[in-house]
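These notes concern the structure reproduced below.
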Amino acid sequence: MGYQRDTYRSGVFGGTAISLSDMLGNHTLLFSGAVNGRLSEAQVLGAYINQTHRLNWLTGISQEPLYFYAPSTISAAPTSPGSPDSVFALTTRLERFVIRDAFAEAFYPFSRFNRVEVALHGVSISNSILELSDYYDQSRVYITSSLNTVNLATIGYVQPSMALVHDNALFGYVGPFSGGRSRFEIAPTLGSWRFTAGLADYRRYLFARPFTLAVRGLFFGRFGRDADLFPIFLGRNELIRGYTAGSFRSTECVANITTASQTGCAELDQLIGSRIAVGNVELRFPLTRSLVLGFLPVGFPPIEGALFYDVGMAWYGTSTLVWNRSATQSPDQFRTPLKSYGGSIRANLLGFVILRFDYTKPVNRQHKPYWTVSLGPTF
């Protein structure tokens, strides 16, 4: 069982994973899979990892399905050729991408804390539209349904990448508390899609018992002809808190939308782009050092608290970046930094998962502070 956040939502999923290795861990075979419907849409991973020498390397294959809502339509359909329209069809559409990846990666450490990573991915992406049509008569009485699959062109590209990585962080029960981590990566593509992806991620943890000041600066972006095809959503709790997609209400969508709107709400569109920049500051401290139940021989790990301030922005290459946006400027076109602040409580649930409660006040919204619950370690 596991928990995963995608572009807009989160959920629980199930699958199987098997790891086989020799006694020293020099050679490892990894297999995993999760099926939800047809085998052609299953999540699959098979990999071999070699750690015999200083140069570690791995190779493998994977398959990952992705689903996105496409616009739904209501249309009139004749019951027979030449007859007047008397049946209405409500057609719901899902766009499906099945990503198949054959990859090879290598890791070479310069020291205990620094390494270089190189990789080569060969990617094939099948694209199709799944249509479910429900038919109703003029009295809105359901008649029947039909399923249809529209297969679109398959996409293929090769993506080499190189990254410089530094990591000397020390971890506690819920996340790092001392040291630092960074990753700088570039990954161009060659083939049906043409873009270059870049990542700069810097994290620092300043420890002064019992407090930790954690800071992060993150940039990720795609540049080039097809950079906008897979937009990124900024409003995840792992990036900037207080702007989750499910927290937006129709009463907040008051600005005029542009023809490029993806959600129909300009206030939500401003969280989507081909590039994101994020800054986070947290003051972390222990709330309880230990918690023991007197009537049971059970002890729980410490619970951590934190005060945080987040700032972030998402944009496209065609967006206009401004520090302050006027009331007449659409949030979809004119992008400005979004900010939030609040407090957080984190606990490690018996080493299985890290549970986080965040109480956040979004600065750039007419929204009261609210609670969110998420799973996963802190940055």
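Residue 2 is where the sequence shown starts when you use our numbering, and the numbers rise one by one after that.
Ideal placement from N, C-alpha and C gives every residue a C-beta, glycine not left out.
Boundaries (first-last residue) of the alpha helix (DSSP H) holding residue i
i	result
A170	Segment: none, A170 is in no alpha helix (DSSP H) and carries neither H nor E.
A230	At residue 230 the sequence reads Leu, which differs from the Ala that was named. Premise fails: L230 is in no alpha helix (DSSP H) and is neither H nor E.
D270	267-270
Sequence-distant residues of its chain with Cβ nearer than 7 Å to residue i (five each side left out)
i	result
Y371	S248, T361
N152	S129
G26	Q52
F208	F178, S179
L284	F212, L214, A307, L308
L171	P177, F178, S179, G180
G236	Y244, T245, A246, L272
Y158	V124, T190, L191, G192, S193, W194
Residue i, DSSP secondary structure in three states
i	result
D135	strand
A43	coil
T379	coil
E65	strand
T252	helix
G247	helix
D333	coil
I241	coil
A386	Nothing about residue 386 can be read from this structure; the chain reaches only from 2 to 380.
S193	coil
L200	strand
S33	strand
R290	coil
L284	strand
P59	According to the sequence displayed, residue 59 carries Leu and not Pro. In this structure, L59 counts as strand in the three-state DSSP scheme.
S140	coil
G236	coil
F353	coil
S275	coil
Start-to-end residues for the beta strand (DSSP E) that takes in residue i
i	result
A315	304-316
G222	212-224
S146	143-152
N257	From DSSP, N257 is part of no beta strand (DSSP E); its letter is neither H nor E.
G349	Residue 349 is actually Asn in this sequence, not Gly. Start and end: 339-350.
R366	Run containing R366: none; DSSP gives neither H nor E here.
Cross-strand partners of residue i (DSSP beta bridge)
i	result
M163	V119, I187
A77	F89
H28	N51
W324	DSSP lists no partner for W324.
T361	G343, Y371
S129	R97, N152
P177	F172
Proximal residues to residue i (C-beta, below 6 Å), its chain only, five neighbours per side dropped
i	result
N149	E132
I346	G306, F358
P66	E42, V99
L21	L30
R276	G222, W316
D1	Absent from the model: residue 1. The displayed extent of the chain is 2 to 380, so no value can be given.
A103	I62, G123
Y136	V88, A90, I144, T145
R226	R195
T8	At T8 the pLDDT is 47, less than 50, meaning the model places this residue with poor confidence and gives no usable figure here.
F231	none
A348	I304, L356
G83	For G83, the predicted model reports a pLDDT of 49, less than 50, meaning its position is unreliable; a value from the coordinates is still stated below. Once the five neighbours on either side are set aside, G83 has no close Cβ partner at all.
L219	D202, V279
A105	T60, L121
Beta-carbon contacts of residue i that lie in its chain and below 8 Å, excluding the five residues immediately before and after
i	result
C266	F249, S251, E253, C254, I258
Which full runs of the beta strand (DSSP E) of 3+ residues lie inside the stretch 79-121, going along the chain?
If you keep only unbroken beta strand (DSSP E) runs of at least 3 residues inside the stretch 79-121, you get 86-110.
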